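> Using this note's numbering, you'd call the opening residue of the sequence shown number 20 and step up by one each time. We put the CB at the ideal spot given by N, CA and C, even for glycine. All of these numbers come straight from a predicted model, not from anything done at the bench.
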Amino acid sequence: MAEKIRWGIVGPGRIAQSFAQDLKLVEGGELTAVASRSLDRAREFADEYGAAHSYGSYQEIFEADTVDVLYIATPHTSHCELSIEAMNHGKHVLCEKPMGIDADQVKMMVSAAKKNEVFLMEALWSRFNPSILKVKQMVDEGIIGEVAFLNANFGFYALDRDEDSRLLNPDLAGGSLLDIGIYPIFLAYLILGKPDRIEAISKFHSTGIEAQTSMIFDYPYAQALLSSGLRSKISMKAEIGGSEGSLYLQERWHETQGYIAELDGDEKSFDLPTKGIGYSHEIEEVHECLNSGLLQSDKWSLQNSLDLVNLLDEVRSLTDTTFPFE
20 MAEKIRWGIV GPGRIAQSFA QDLKLVEGGE LTAVASRSLD RAREFADEYG
70 AAHSYGSYQE IFEADTVDVL YIATPHTSHC ELSIEAMNHG KHVLCEKPMG
120 IDADQVKMMV SAAKKNEVFL MEALWSRFNP SILKVKQMVD EGIIGEVAFL
170 NANFGFYALD RDEDSRLLNP DLAGGSLLDI GIYPIFLAYL ILGKPDRIEA
220 ISKFHSTGIE AQTSMIFDYP YAQALLSSGL RSKISMKAEI GGSEGSLYLQ
270 ERWHETQGYI AELDGDEKSF DLPTKGIGYS HEIEEVHECL NSGLLQSDKW
320 SLQNSLDLVN LLDEVRSLTD TTFPFE
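(1) Put G164 into one of helix, strand or coil per three-state DSSP.
(2) Closest by CA to E12, which one among E258, Q269, V305 and V86?
(3) DSSP puts M234 in a beta bridge; with which residues?
(4) Compare the C-alpha of K133 against each of T338, L321, E286 and L327 and name the closest.
(5) So, with DSSP's three-state summary, where would you put S140?
(6) Quick one: is the Cβ of W26 within less than 6 Å of any heavy atom of the ligand MN?
(7) With the cut-off set at 7 Å, would you say L42 and K294 are in Cβ contact?
(8) Under 8 Å by Cβ, that's how I've got T340 and I220 pegged, so tell me the actual separation to the nearest angstrom.
(9) Nearest-angstrom Cα distance between A131 and I103?
(10) Taking the continuous alpha helix (DSSP H) assigned at E303, which residues delimit it?
(11) Output the boundary residues of the alpha helix (DSSP H) element that contains A131.
(12) Please name the residue in Q124, I217 and Q276 whose C-alpha comes closest to that of I235.
(13) Nearest by alpha-carbon distance to L327: which of D317, G212 and L245 is it?
(14) Would you list the residues sitting across from C114 in a DSSP beta bridge?
(15) Is S68 helix, strand or coil by DSSP?
(16) Between L89 and L186, which are expected to be in contact by the criterion C-beta below 8 Å, what is the C-beta distance as a whole number of angstroms?
(17) For Y208, which option in R56, H95 and N170 has the closest C-alpha, if you only look at C-alpha atoms?
(18) In this structure, does DSSP put S150 in helix, strand or coil?
(19) Among E258, N107, G109 and E100, which has the Cα closest to the Cα of E115?
(20) Short of 8 Å in beta carbon distance, which residues of its chain neighbour E270, apart from the five on each side in sequence? Order them along the chain.
(21) If distances are taken between C-alpha atoms only, which option among G32, S150, D283 and G119 comes closest to G277?
(22) Using the three-state DSSP reduction, which class does F289 fall into: helix, strand or coil?
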(Lines of atoms letter the chains of each structure in order from A and count residues from 1; the text may use other names and numbers.)
(Lines give C-alpha, C1' and ligand atoms only; values in the text may rest on other atoms or scores of the structure.)
Protein backbone atom coordinates (compact mmCIF):
# COMPACT_ATOMS: atom_id res chain seq x y z
CA MET A 1 0.00 0.00 0.00
CA ALA A 2 0.94 3.65 -0.30
CA GLU A 3 2.48 5.47 2.64
CA LYS A 4 -1.04 6.46 3.66
CA ILE A 5 -4.07 4.40 2.76
CA ARG A 6 -6.39 6.59 0.71
CA TRP A 7 -10.07 6.28 1.62
CA GLY A 8 -13.08 7.23 -0.41
CA ILE A 9 -16.64 7.47 0.88
CA VAL A 10 -19.58 6.42 -1.27
CA GLY A 11 -22.77 7.97 0.09
CA PRO A 12 -22.05 10.95 2.40
CA GLY A 13 -24.93 10.46 4.86
CA ARG A 14 -25.11 10.49 8.65
CA ILE A 15 -23.15 7.28 9.23
CA ALA A 16 -20.47 8.46 6.81
CA GLN A 17 -20.04 11.59 8.92
CA SER A 18 -19.30 9.47 11.99
CA PHE A 19 -16.90 7.35 9.96
CA ALA A 20 -15.06 10.39 8.61
CA GLN A 21 -14.69 11.83 12.11
CA ASP A 22 -13.13 8.61 13.37
CA LEU A 23 -10.88 8.22 10.33
CA LYS A 24 -9.08 11.37 11.46
CA LEU A 25 -8.12 9.55 14.67
CA VAL A 26 -6.47 6.62 12.90
CA GLU A 27 -2.86 6.75 11.79
CA GLY A 28 -1.90 5.61 8.34
CA GLY A 29 -5.03 6.63 6.50
CA GLU A 30 -6.73 9.71 5.10
CA LEU A 31 -9.97 10.63 3.41
CA THR A 32 -9.12 11.68 -0.14
CA ALA A 33 -12.44 11.47 -2.02
CA VAL A 34 -16.21 11.56 -1.59
CA ALA A 35 -18.91 10.51 -4.07
CA SER A 36 -22.59 11.29 -4.08
CA ARG A 37 -25.37 11.41 -6.65
CA SER A 38 -25.29 15.15 -5.89
CA LEU A 39 -22.01 16.90 -6.66
CA ASP A 40 -22.92 19.76 -4.32
CA ARG A 41 -23.45 17.32 -1.47
CA ALA A 42 -20.16 15.57 -2.23
CA ARG A 43 -18.30 18.89 -2.28
CA GLU A 44 -19.88 20.00 0.98
CA PHE A 45 -18.86 16.77 2.70
CA ALA A 46 -15.38 16.87 1.19
CA ASP A 47 -14.86 20.44 2.39
CA GLU A 48 -16.04 19.58 5.90
CA TYR A 49 -13.78 16.55 6.28
CA GLY A 50 -10.77 17.64 4.24
CA ALA A 51 -11.07 15.39 1.18
CA ALA A 52 -9.29 16.69 -1.90
CA HIS A 53 -11.66 15.16 -4.44
CA SER A 54 -15.44 15.12 -4.81
CA TYR A 55 -17.53 13.35 -7.42
CA GLY A 56 -21.13 13.75 -8.52
CA SER A 57 -21.54 10.08 -9.42
CA TYR A 58 -20.46 6.80 -7.91
CA GLN A 59 -18.95 5.63 -11.19
CA GLU A 60 -16.44 8.47 -11.11
CA ILE A 61 -14.97 7.41 -7.78
CA PHE A 62 -14.83 3.77 -8.91
CA GLU A 63 -12.76 4.84 -11.94
CA ALA A 64 -10.60 7.38 -10.08
CA ASP A 65 -6.97 6.80 -9.12
CA THR A 66 -7.39 8.92 -6.00
CA VAL A 67 -8.47 6.12 -3.61
CA ASP A 68 -7.30 2.68 -2.46
CA VAL A 69 -10.32 1.56 -0.44
CA LEU A 70 -13.97 2.61 -0.51
CA TYR A 71 -16.40 2.78 2.39
CA ILE A 72 -19.87 2.00 1.00
CA ALA A 73 -22.32 3.93 3.19
CA THR A 74 -25.43 3.98 1.00
CA PRO A 75 -28.79 2.33 1.91
CA HIS A 76 -28.92 -1.48 2.16
CA THR A 77 -30.49 -1.95 -1.25
CA SER A 78 -27.43 -0.63 -3.13
CA HIS A 79 -24.67 -2.32 -1.10
CA CYS A 80 -24.31 -5.30 -3.41
CA GLU A 81 -24.35 -3.47 -6.74
CA LEU A 82 -22.03 -0.66 -5.68
CA SER A 83 -19.56 -2.93 -3.88
CA ILE A 84 -19.27 -5.26 -6.87
CA GLU A 85 -18.80 -2.33 -9.27
CA ALA A 86 -16.10 -0.89 -7.00
CA MET A 87 -14.30 -4.22 -6.77
CA ASN A 88 -14.54 -4.71 -10.53
CA HIS A 89 -12.53 -1.48 -10.78
CA GLY A 90 -9.86 -2.88 -8.45
CA LYS A 91 -10.93 -1.02 -5.32
CA HIS A 92 -10.83 -2.55 -1.85
CA VAL A 93 -14.19 -2.30 -0.08
CA LEU A 94 -15.49 -1.84 3.44
CA CYS A 95 -19.26 -2.21 3.06
CA GLU A 96 -21.67 -0.99 5.70
CA LYS A 97 -23.80 -3.71 7.31
CA PRO A 98 -25.78 -5.61 6.30
CA MET A 99 -23.38 -6.48 3.51
CA GLY A 100 -26.29 -7.58 1.34
CA ILE A 101 -30.05 -7.95 1.55
CA ASP A 102 -29.79 -11.75 1.43
CA ALA A 103 -27.31 -14.59 1.09
CA ASP A 104 -27.43 -14.54 -2.71
CA GLN A 105 -26.19 -10.96 -2.75
CA VAL A 106 -23.40 -11.63 -0.25
CA LYS A 107 -22.28 -14.67 -2.27
CA MET A 108 -22.02 -12.48 -5.37
CA MET A 109 -19.99 -9.91 -3.44
CA VAL A 110 -17.62 -12.55 -2.08
CA SER A 111 -17.18 -13.96 -5.59
CA ALA A 112 -16.36 -10.49 -6.93
CA ALA A 113 -13.77 -9.95 -4.21
CA LYS A 114 -12.06 -13.24 -4.99
CA LYS A 115 -12.20 -12.74 -8.76
CA ASN A 116 -10.66 -9.27 -8.52
CA GLU A 117 -8.27 -10.20 -5.71
CA VAL A 118 -9.31 -7.24 -3.56
CA PHE A 119 -10.10 -6.82 0.12
CA LEU A 120 -13.72 -6.98 1.24
CA MET A 121 -15.15 -6.68 4.74
CA GLU A 122 -18.56 -6.02 6.22
CA ALA A 123 -18.46 -2.92 8.40
CA LEU A 124 -19.74 -4.64 11.52
CA TRP A 125 -18.02 -2.17 13.81
CA SER A 126 -19.17 -3.82 17.05
CA ARG A 127 -16.91 -6.79 16.29
CA PHE A 128 -13.92 -4.54 16.95
CA ASN A 129 -15.26 -2.74 20.04
CA PRO A 130 -12.66 -3.15 22.83
CA SER A 131 -15.21 -4.39 25.38
CA ILE A 132 -16.72 -6.92 22.98
CA LEU A 133 -13.23 -8.14 22.10
CA LYS A 134 -12.48 -8.57 25.81
CA VAL A 135 -15.77 -10.33 26.59
CA LYS A 136 -15.23 -12.70 23.66
CA GLN A 137 -11.73 -13.47 24.97
CA MET A 138 -13.05 -14.17 28.48
CA VAL A 139 -15.71 -16.52 27.13
CA ASP A 140 -13.17 -18.35 24.96
CA GLU A 141 -10.85 -18.75 27.94
CA GLY A 142 -13.64 -20.29 30.00
CA ILE A 143 -13.56 -17.61 32.68
CA ILE A 144 -17.36 -17.71 33.15
CA GLY A 145 -17.56 -21.45 32.57
CA GLU A 146 -19.88 -23.01 30.01
CA VAL A 147 -22.21 -20.41 28.54
CA ALA A 148 -25.89 -21.36 28.82
CA PHE A 149 -27.66 -18.04 28.30
CA LEU A 150 -27.31 -14.90 26.22
CA ASN A 151 -29.66 -11.95 26.05
CA ALA A 152 -29.26 -9.00 23.67
CA ASN A 153 -31.76 -6.43 22.44
CA PHE A 154 -31.73 -3.37 20.22
CA GLY A 155 -34.68 -1.03 19.96
CA PHE A 156 -35.86 2.55 19.75
CA TYR A 157 -39.02 4.37 18.68
CA ALA A 158 -39.04 5.30 15.00
CA LEU A 159 -42.66 5.04 13.87
CA ASP A 160 -43.07 8.82 13.95
CA ARG A 161 -40.66 9.24 11.04
CA ASP A 162 -41.62 9.99 7.46
CA GLU A 163 -42.98 6.87 5.80
CA ASP A 164 -40.52 7.33 2.93
CA SER A 165 -37.56 7.33 5.33
CA ARG A 166 -35.11 4.47 5.12
CA LEU A 167 -36.34 2.61 8.20
CA LEU A 168 -40.04 2.66 7.29
CA ASN A 169 -39.80 2.22 3.53
CA PRO A 170 -40.05 -1.41 2.37
CA ASP A 171 -38.60 -0.44 -1.03
CA LEU A 172 -35.37 0.43 0.83
CA ALA A 173 -35.40 -2.87 2.78
CA GLY A 174 -36.64 -1.00 5.85
CA GLY A 175 -37.58 -2.49 9.19
CA SER A 176 -35.75 -3.34 12.35
CA LEU A 177 -34.16 -6.66 11.45
CA LEU A 178 -31.54 -5.74 8.83
CA ASP A 179 -30.80 -2.37 10.41
CA ILE A 180 -30.54 -3.18 14.12
CA GLY A 181 -31.63 -6.81 14.61
CA ILE A 182 -28.37 -7.74 12.95
CA TYR A 183 -26.55 -6.67 16.15
CA PRO A 184 -28.16 -9.11 18.63
CA ILE A 185 -27.91 -11.88 16.03
CA PHE A 186 -24.23 -11.03 15.54
CA LEU A 187 -23.54 -11.24 19.28
CA ALA A 188 -25.21 -14.64 19.61
CA TYR A 189 -23.25 -15.88 16.61
CA LEU A 190 -19.97 -14.43 17.93
CA ILE A 191 -20.32 -16.02 21.36
CA LEU A 192 -22.24 -19.23 20.62
CA GLY A 193 -21.86 -19.87 16.90
CA LYS A 194 -24.62 -21.01 14.55
CA PRO A 195 -27.73 -22.27 16.37
CA ASP A 196 -29.34 -25.66 15.82
CA ARG A 197 -32.78 -24.10 15.65
CA ILE A 198 -34.38 -20.64 15.51
CA GLU A 199 -37.82 -19.49 16.56
CA ALA A 200 -38.97 -15.99 15.65
CA ILE A 201 -42.10 -13.82 15.62
CA SER A 202 -42.48 -10.37 14.07
CA LYS A 203 -44.90 -7.47 14.26
CA PHE A 204 -45.46 -5.32 11.16
CA HIS A 205 -46.06 -1.61 10.56
CA SER A 206 -48.70 -0.10 8.27
CA THR A 207 -46.08 0.54 5.56
CA GLY A 208 -45.43 -3.19 5.41
CA ILE A 209 -42.04 -3.20 7.11
CA GLU A 210 -41.22 -5.53 9.99
CA ALA A 211 -41.27 -3.28 13.06
CA GLN A 212 -40.48 -5.64 15.93
CA THR A 213 -38.99 -9.12 16.09
CA SER A 214 -38.33 -11.52 18.96
CA MET A 215 -36.06 -14.51 18.49
CA ILE A 216 -34.85 -17.60 20.34
CA PHE A 217 -31.64 -19.19 19.11
CA ASP A 218 -31.38 -22.74 20.42
CA TYR A 219 -28.01 -24.48 20.89
CA PRO A 220 -27.08 -27.91 22.27
CA TYR A 221 -26.53 -26.41 25.75
CA ALA A 222 -27.42 -22.74 25.50
CA GLN A 223 -30.24 -20.45 24.48
CA ALA A 224 -30.05 -16.87 23.22
CA LEU A 225 -33.02 -14.51 23.64
CA LEU A 226 -32.80 -11.71 21.11
CA SER A 227 -35.01 -8.85 19.94
CA SER A 228 -35.08 -5.77 17.75
CA GLY A 229 -37.73 -3.15 17.28
CA LEU A 230 -38.76 0.30 16.13
CA ARG A 231 -41.88 0.51 18.33
CA SER A 232 -40.49 1.30 21.79
CA LYS A 233 -37.55 2.62 23.75
CA ILE A 234 -35.92 -0.31 25.53
CA SER A 235 -32.92 -1.06 27.70
CA MET A 236 -29.95 -1.95 25.56
CA LYS A 237 -27.69 -4.02 27.75
CA ALA A 238 -26.42 -7.49 26.87
CA GLU A 239 -25.89 -10.42 29.22
CA ILE A 240 -23.85 -13.58 28.80
CA GLY A 241 -24.41 -16.15 31.55
CA GLY A 242 -22.18 -19.12 32.27
CA SER A 243 -21.78 -21.82 34.91
CA GLU A 244 -19.09 -19.82 36.74
CA GLY A 245 -20.32 -16.26 36.30
CA SER A 246 -21.81 -13.63 34.02
CA LEU A 247 -20.65 -10.81 31.77
CA TYR A 248 -22.66 -7.68 31.00
CA LEU A 249 -22.04 -5.25 28.17
CA GLN A 250 -23.06 -1.81 29.35
CA GLU A 251 -25.78 0.33 27.75
CA ARG A 252 -25.83 0.72 24.58
CA TRP A 253 -24.06 -2.56 24.28
CA HIS A 254 -23.27 -2.47 20.53
CA GLU A 255 -21.13 0.66 21.10
CA THR A 256 -20.33 0.01 24.76
CA GLN A 257 -17.59 1.80 26.66
CA GLY A 258 -17.15 -0.96 29.21
CA TYR A 259 -18.36 -4.21 30.71
CA ILE A 260 -19.23 -5.79 34.05
CA ALA A 261 -17.93 -9.15 35.23
CA GLU A 262 -19.73 -11.07 37.97
CA LEU A 263 -17.56 -13.89 39.32
CA ASP A 264 -17.78 -15.74 42.65
CA GLY A 265 -20.48 -13.33 43.83
CA ASP A 266 -18.18 -10.37 43.23
CA GLU A 267 -19.20 -7.78 40.63
CA LYS A 268 -16.62 -5.51 39.03
CA SER A 269 -17.06 -2.81 36.41
CA PHE A 270 -14.39 -2.17 33.78
CA ASP A 271 -14.11 0.87 31.53
CA LEU A 272 -12.81 0.27 28.00
CA PRO A 273 -13.60 3.44 26.06
CA THR A 274 -13.58 3.45 22.29
CA LYS A 275 -11.31 5.70 20.28
CA GLY A 276 -13.72 8.33 19.02
CA ILE A 277 -17.20 7.04 18.29
CA GLY A 278 -15.86 3.53 17.69
CA TYR A 279 -15.60 3.24 13.91
CA SER A 280 -11.88 3.80 14.38
CA HIS A 281 -11.38 0.18 15.43
CA GLU A 282 -12.78 -1.31 12.22
CA ILE A 283 -10.71 1.20 10.24
CA GLU A 284 -7.60 0.02 12.08
CA GLU A 285 -8.49 -3.57 11.19
CA VAL A 286 -8.78 -2.65 7.50
CA HIS A 287 -5.40 -0.89 7.64
CA GLU A 288 -3.77 -3.87 9.32
CA CYS A 289 -5.17 -6.25 6.72
CA LEU A 290 -4.19 -4.09 3.74
CA ASN A 291 -0.69 -3.44 5.08
CA SER A 292 -0.27 -7.19 5.61
CA GLY A 293 -1.51 -8.04 2.14
CA LEU A 294 -4.63 -9.80 3.46
CA LEU A 295 -7.83 -9.82 1.41
CA GLN A 296 -10.10 -10.50 4.38
CA SER A 297 -10.09 -10.11 8.15
CA ASP A 298 -9.65 -13.09 10.44
CA LYS A 299 -11.74 -11.29 13.07
CA TRP A 300 -14.70 -10.79 10.71
CA SER A 301 -14.17 -12.96 7.66
CA LEU A 302 -16.18 -13.36 4.49
CA GLN A 303 -17.47 -16.66 5.87
CA ASN A 304 -18.62 -14.82 9.00
CA SER A 305 -20.64 -12.44 6.82
CA LEU A 306 -22.12 -15.38 4.90
CA ASP A 307 -23.07 -17.10 8.16
CA LEU A 308 -24.65 -13.91 9.50
CA VAL A 309 -26.77 -13.22 6.41
CA ASN A 310 -27.94 -16.84 6.40
CA LEU A 311 -29.19 -16.34 9.97
CA LEU A 312 -30.97 -13.13 8.91
CA ASP A 313 -32.50 -14.99 5.97
CA GLU A 314 -33.76 -17.75 8.24
CA VAL A 315 -35.40 -15.25 10.62
CA ARG A 316 -37.01 -13.47 7.67
CA SER A 317 -38.31 -16.78 6.36
CA LEU A 318 -39.78 -17.74 9.73
CA THR A 319 -41.52 -14.38 10.08
CA ASP A 320 -42.60 -13.96 6.44
CA THR A 321 -40.59 -10.75 6.16
CA THR A 322 -40.18 -9.84 2.49
CA PHE A 323 -39.53 -6.75 0.39
CA PRO A 324 -41.45 -5.62 -2.71
CA PHE A 325 -38.42 -6.01 -4.99
CA GLU A 326 -37.86 -9.68 -4.10
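Taking the structure as given:
(1) Translated into the one-based positions of the sequence shown, residue 164 becomes position 145. G164: coil per DSSP, three-state reduction.
(2) For residue 12 there is no data in the structure shown, the boundaries of the chain being 20 and 345.
(3) Counting from one through the sequence shown, the residue named residue 234 turns up at place 215. Answer is A219 and L245, bridged to M234.
(4) Counting from one through the sequence shown, the residue named residue 133 turns up at place 114. When only C-alpha atoms are compared, the closest one is L321.
(5) Counting from 1 along the sequence shown, the entry for residue 140 is found at position 121. Checking the sequence, you will find Met at residue 140 rather than Ser. Residue state, collapsed to three classes: strand.
(6) The ligand content of the structure shown is nil, which means the ligand MN is not present either.
(7) Residue 42 sits at position 23 when you count from the first residue of the sequence shown. Residue 294 sits at position 275 when you count from the first residue of the sequence shown. No; because the gap between Cβ atoms is not below 7 Å, this pair is not in contact.
(8) The residue given as residue 340 occupies position 321 in the sequence shown. The residue given as residue 220 occupies position 201 in the sequence shown. Incorrect: roughly 11 Å between the Cβ atoms, too far for contact.
(9) Here residue 131 corresponds to residue number 112 of the sequence shown, with the count starting at 1. Here residue 103 corresponds to residue number 84 of the sequence shown, with the count starting at 1. Approximately 6 Å between the Cα atoms of the pair.
(10) Your numbering for residue 303 matches position 284 in the sequence shown. Taken as a continuous stretch (DSSP letters only), the alpha helix (DSSP H) holding E303 covers S299 to N310.
(11) Position 112 of the sequence shown, counted from the start, is the residue given in the question as residue 131. That run of the alpha helix (DSSP H) goes A122 to N135.
(12) The count along the sequence shown starts at 1 and reaches residue 235 at position 216. With distances taken between Cα atoms, I235 lies closest to I217.
(13) The residue given as residue 327 occupies position 308 in the sequence shown. Among D317, G212 and L245, the Cα nearest to that of L327 is on G212.
(14) Translated into positions along the sequence shown, residue 114 becomes position 95. C114 has I91 and E141 as its beta-bridge partners, per DSSP.
(15) Locating residue 68 in the sequence shown gives position 49, counting from the first residue. Sequence check: residue 68 is Tyr here, not Ser. Reduced to three states, the DSSP call for Y68 is helix.
(16) The count along the sequence shown starts at 1 and reaches residue 89 at position 70. The count along the sequence shown starts at 1 and reaches residue 186 at position 167. Not a contact, Cβ separation roughly 24 Å.
(17) As a working note, residue 208 is residue 189 in the sequence shown. It is N170 whose Cα lies nearest to the Cα of Y208.
(18) Residue 150 sits at position 131 when you count from the first residue of the sequence shown. Helix.
(19) Here the question's residue 115 lines up with position 96 in the sequence shown. Considering only alpha carbons, the answer is E100.
(20) Here residue 270 refers to the residue found at position 251 when the sequence shown is read from its first residue. For E270, where only same-chain residues beyond five positions count, the Cβ hits under 8 Å are S254, M255 and K256.
(21) Here the question's residue 277 lines up with position 258 in the sequence shown. Among G32, S150, D283 and G119, the Cα nearest to that of G277 is on S150.
(22) The sequence position of residue 289 within the sequence shown is 270, counting from 1. Residue state for F289 is assigned as strand, using DSSP reduced to three classes.
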